[in-house]
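**Student:** Take a look at this one; I'll ask things after.
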Amino acid sequence: MNRKRRTTILMKAGTTLAQEMAREVTENHEVKEIVAPRNGLTMVKVRETAKRSLFYLGEVLMTETMVEIEGIIGKGMVIGLEEEWSRDLAIIDAAYNAKLPIIARWNQLLQAKEEAIIKQENKEQTQLMETKVSFETMSI
16 MNRKRRTTIL MKAGTTLAQE MAREVTENHE VKEIVAPRNG LTMVKVRETA
66 KRSLFYLGEV LMTETMVEIE GIIGKGMVIG LEEEWSRDLA IIDAAYNAKL
116 PIIARWNQLL QAKEEAIIKQ ENKEQTQLME TKVSFETMSI
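Under my numbering, the first residue of the sequence shown is numbered 16, with each subsequent residue one higher.
In structure tokens, the structure reads:
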């Protein structure tokens with residue numbers, strides 16, 4: 016599972032899943048903190064829909080952390096003041112980069128979570144579409 020997909024699932028799932036996964040690593044491996052959770056600003060890049068050009072919408076507050084497991088570095092970045100979440104994501108990233116044996120089970124867990132998230136999003140989209148007004152059937 017690639018980093019982007021994994022991170023998207025972890026962000027949509029919330030902090031609990033990341034905490035559980037990071038705890039599994041910290042119980043069995045030494046986690047060395049290279050860069051403690053720190054706050055910063057990052058530019059938000061957006062694609063303008065008509066011309067398809069990129070521009071910077073502005074800055075957003077973020078928290079980033081860097082850890083090391085078995086000589087392999089992992090990074091975690093989260094929008095907002097989320098020190099623990101950032102650290103958990105860094106630990107998970109380092110575990111994947113180090114190819115720890117636990118990641119095989121995590122891939123199954125994350126795929127199941129992704130399916131549940133998609134199902135929930137589809138349900139919400141269906142509910143939203145039920146409230147949509149059809150202007151074609153409205154008479155003047």
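Backbone N, C-alpha and C define an ideal beta-carbon position, used for all residues, glycine too.
Rounding to the nearest angstrom, what Cα-Cα distance links Asp103 and Val148 in this structure?
**Tutor:** Cα-Cα distance, rounded: 43 Å.
**Student:** Suppose contacts are defined by Cβ-Cβ distances below 8 Å. Is Ala51 in contact with Thr30 by that definition?
**Tutor:** For Ala51 and Thr30, no; Cβs fall outside 8 Å.
**Student:** Once you ignore the five residues that flank Leu56 on each side, which residues in its own chain have a CB closer than 8 Å to its CB?
**Tutor:** Only Glu74, Val75, Leu76, Met77 meet the Cβ criterion.
**Student:** In whole angstroms, give me the CA-to-CA distance for Lys128 and Ala109.
**Tutor:** So the two alpha carbons sit approximately 21 Å from each other.
**Student:** Looking at the unbroken beta strand (DSSP E) that takes in Leu69, where does it start and where does it end?
**Tutor:** Leu69 -> beta strand (DSSP E) spans 69-84.
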